[in-house]
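First the structure, in the form of structure tokens, and then the observations on it.
Residue numbers (my numbering), protein chains in the order written: chain R, 1 to 100; chain C, 101 to 200; chain S, 201 to 300; chain Y, 301 to 400.
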């Protein structure tokens with residue numbers, strides 16, 4: 001099943017900056033061959049469910065290995081069986097309504 | 101890696117009531133042998149990462165099979181490497197502070 | 201408008217323990233006269249939209265005052281116009297399906 | 301207090317398409333004078349806490365007025381007192397790490 005996911009990883013018990021952890025998770029997503037788009041409050045990911053969640057699991061491991069003792073992650077995941085939809089399709093469909 | 105998860109499944113393109121879908125996902129969690137606790141805005145789950153997320157995947161499949169064309173799910177997942185912690189430990193640790 | 205909310209506050213740039221911050225936010229909710237129920241991954245809150253979100257705002261201020269330089273909070277908020285529903289109603293409606 | 305927010309509105313008890321509701325909420329944000337950026341899984345918003353959450357409240361009202369009997373919304377909100385940060389700053393800080 002294809003999943004469209006928003007991933008926001010919050011390292012705890014470490015400094016205030018999260019950018020190095022976000023960049024490390026991006027690297028994990030790239031190595032998994034996933035399509036992803038960074039935004040200001042997370043990373044949107046498109047891919048097969050199992051591939052996506054194996055990468056999110058690996059991301060937690062990496063953030064722990066980088067020194068964060070605790071990680072709290074927020075995931076929004078959408079699946080649908082009525083039609084195929086990509087991350088870009090979702091943005092395009094709002095643009096169409098907006099310009100009606 | 102052990103994960104403490106809050107799962108909130110939102111079926112879309114169907115009626116307003118979500119209780120039958122929540123009950124079906126509980127059944128999936130029970131069959132996976134996971135420890136879970138229902139609350140008013142989701143279900144808390146405790147277990148090995150892969151077991152938990154395989155069950156969440158299966159829950160999406162079941163909700164689609166029950167007729168929901170689209171499912172949007174919100175997951176909060178915490179992992180930590182500094183100590184073992186259960187769902188109950190998290191509640192107990194707030195209680196201790198509260199009663200200081 | 202009445203809102204049913206799940207609130208999960210994650211202090212950043214501080215230690216791994218969040219219990220004292222959660223207890224302080226509970227105190228804010230109590231002072232606002234809101235009905236709330238702690239669970240393992242957050243606090244469920246029931247009340248008028250504006251009262252709830254004013255309390256969440258105050259909770260951020262308090263957590264900063266306690267020393268957390270950064271706070272990331274996850275909120276799930278539900279409203280409905282078809283019927284009145286309490287936090288307990290949501291749990292009861294799953295129980296009814298479960299026991300059918 | 302300035303807040304950086306991700307907003308994902310999920311109308312329930314209505315059709316599968318959410319684009320018209322997302323576009324209506326964008327209109328609310330624009331009328332509130334807020335800076336916002338649509339992405340595939342929500343809308344990022346930057347502004348004063350009270351202005352942002354008054355707009356989110358108004359968005360719920362509008363989505364109900366458009367016919368959705370139930371709305372479930374997911375919000376990630378970050379505040380910090382150590383430095384000023386914009387939505388773009390967050391993206392830029394990951395880019396800098398990525399290109400090191």
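Heads up, the beta-carbon is just placed ideally off N, CA and C, and yes, glycines get one too.
For this session: Would you mind telling me which residues of chain R sit closer than 8 Å to residue 280 of chain S, beta carbon to beta carbon, in chain order?
Result: Residues of chain R whose Cβ lies closer than 8 Å to the Cβ of residue 280 of chain S do not exist, since the nearest Cβ in that chain is about 20 Å away.
For this session: Just tell me which of C:121, C:172 and C:151 has its CA closest to the CA of residue 76 of chain R.
Result: Per the Cα distances, C:172.
For this session: Tell me, please, whether the CB atom of residue 77 of chain R is closer than 8 Å to any CB atom in chain C?
Result: Under the Cβ distance rule, residue 77 of chain R counts among the residues neighbouring chain C, one pair being separated by less than 8 Å.
Problem set entry | Contact set between residue 223 of chain S and chain C, taken where Cβ atoms lie within less than 7 Å | Residues of chain C passing the Cβ test: 194, 197 and 198.
Exercise. From R:7, R:88 and R:17, pick the residue whose C-alpha is nearest to that of residue 397 of chain Y; which is it?
Worked result: Considering only R:7, R:88 and R:17, the residue with the shortest C-alpha distance to residue 397 of chain Y is R:17.
Problem set entry | Residue from R:89, R:84 and R:68 whose Cα sits closest to the Cα of residue 13 of chain R | Of R:89, R:84 and R:68, the residue nearest in Cα terms is R:68.
For this session: Can you pull the chain Y residues whose beta carbon is under 8 Å from the beta carbon of residue 272 of chain S, in chain order?
Result: Identification of chain Y residues near residue 272 of chain S by a Cβ-Cβ cut-off of 8 Å yields 376, 377 and 378, ordered along the chain.
For this session: Could you confirm whether any beta carbon from chain Y is found closer than 8 Å to the beta carbon of residue 16 of chain R?
Result: Chain Y, which has a Cβ nearer than 8 Å to the Cβ of residue 16 of chain R, makes this yes.
Exercise. What number of angstroms, rounded off, separates the C-alpha of residue 7 of chain R from the C-alpha of residue 231 of chain S?
Worked result: Spanning the two alpha carbons is a distance of roughly 34 Å.
Problem set entry | Cutoff 8 Å: residue 311 of chain Y Cβ touching any chain S Cβ | With a threshold of 8 Å between beta carbons, residue 311 of chain Y makes no contact with chain S.
For this session: Please compile the residues from chain R whose C-beta is within a distance smaller than 8 Å of the C-beta of residue 161 of chain C.
Result: Simply 1.
Problem set entry | Reference residue 145 of chain C; option with closest CA among C:163, C:102 and C:194 | Scanning C:163, C:102 and C:194 for the CA closest to the CA of residue 145 of chain C turns up C:102.
Exercise. Residue 171 of chain C lies in the beta strand (DSSP E); which residues open and close that run?
Worked result: Going by DSSP, residue 171 of chain C is part of the beta strand (DSSP E) stretching over 170–180.
Problem set entry | Proximal residues, the region 140–162 of chain C versus chain S, C-beta separation under 7 Å | For the region 140–162 of chain C, which is checked against every Cβ of chain S, the residues closer than 7 Å are 140, 141, 142 and 144.
Exercise. Who are the neighbours of residue 104 of chain C on chain S, taking C-beta pairs under 9 Å?
Worked result: Against chain S, a Cβ distance below 9 Å from residue 104 of chain C picks out 240 and 241.
For this session: Determine the extent of the alpha helix (DSSP H) in which residue 29 of chain R is found, giving its start and end residues.
Result: First-last of the alpha helix (DSSP H) with residue 29 of chain R: 19–31.
Exercise. Are the region 23–41 of chain R and the region 374–391 of chain Y touching, with three or more C-beta to C-beta distances below 8 Å?
Worked result: Flag = yes, the region 23–41 of chain R and the region 374–391 of chain Y touch.
Problem set entry | Cβ-based burial, residue 33 of chain R [other Cβ within 10 Å; buried from 16] | Classification of residue 33 of chain R: exposed, given that the 10 Å Cβ count is below 16.
Exercise. How is residue 51 of chain R classed by DSSP in three states: helix, strand or coil?
Worked result: Note: residue 51 of chain R maps to helix in three-state DSSP.
Problem set entry | residue 20 of chain R classed as buried or exposed, judged by whether at least 16 other C-beta atoms fall within 10 angstroms | With 16 or more neighbouring CB atoms inside 10 Å of its own CB, residue 20 of chain R falls in the buried class.
Exercise. Using the beta-carbon of each residue, which ones in chain S are nearer than 9 Å to residue 126 of chain C?
Worked result: Within 9 Å Cβ-Cβ: 294 and 298.
For this session: Would you kindly work out how many angstroms separate the C-alpha atoms of residue 80 of chain R and residue 170 of chain C, rounded to a whole number?
Result: Their backbone Cα atoms lie some 4 Å apart in a straight line.
For this session: Alpha carbon to alpha carbon, how far is residue 5 of chain R from residue 193 of chain C? Give it in angstroms, no decimals.
Result: Approximately 32 Å, taken between the alpha carbons.
Problem set entry | Reduced DSSP category for residue 187 of chain C - H, G, I as helix; E, B as strand; rest coil | The answer is helix: DSSP assigns residue 187 of chain C an H, G or I state.
Exercise. For residue 209 of chain S, which of helix, strand or coil comes out of DSSP?
Worked result: Reduced to three states, the DSSP call for residue 209 of chain S is strand.
Problem set entry | Contacts around residue 48 of chain R, its chain only, beta-carbon distance under 8 Å, and the 5 residues preceding and following it disregarded | So the qualifying residues of the chain are 1, 2 and 3.
Exercise. Under the DSSP definition of a beta bridge, which residues are partnered with residue 44 of chain R?
Worked result: Looking at the DSSP assignment, residue 44 of chain R forms a beta bridge with R:6 and R:37.
For this session: Anything in chain Y within Cβ reach of residue 264 of chain S, meaning under 9 Å, just list it in chain order.
Result: Those within 9 Å of residue 264 of chain S in chain Y are 301, 379, 380 and 381.
Exercise. With a CB to CB cut of under 6 Å and the five nearest residues on each side skipped, what residues in its chain are close to residue 136 of chain C?
Worked result: Once the five neighbours on either side are set aside, the close Cβ partners of residue 136 of chain C are 129, 143 and 145.
Problem set entry | Rounded C-alpha distance that separates residue 354 of chain Y from residue 364 of chain Y | Near 16 Å, if we compare the C-alpha coordinates of residue 364 of chain Y and residue 354 of chain Y.
For this session: Within the same chain, show all residues whose beta-carbon is closer than 7 Å to that of residue 58 of chain R, passing over the 5 residues directly before and after it, in chain order.
Result: Same-chain partners within the cutoff: 28.
Exercise. When DSSP labels each residue in this structure, what does residue 400 of chain Y get in the three-state scheme?
Worked result: In the three-state DSSP reduction, residue 400 of chain Y falls in the coil class, being neither helix nor strand.
Exercise. Can you list the residues of chain C that residue 287 of chain S reaches, using a CB-CB cut of under 7 Å?
Worked result: Chain C residues near residue 287 of chain S: 140.
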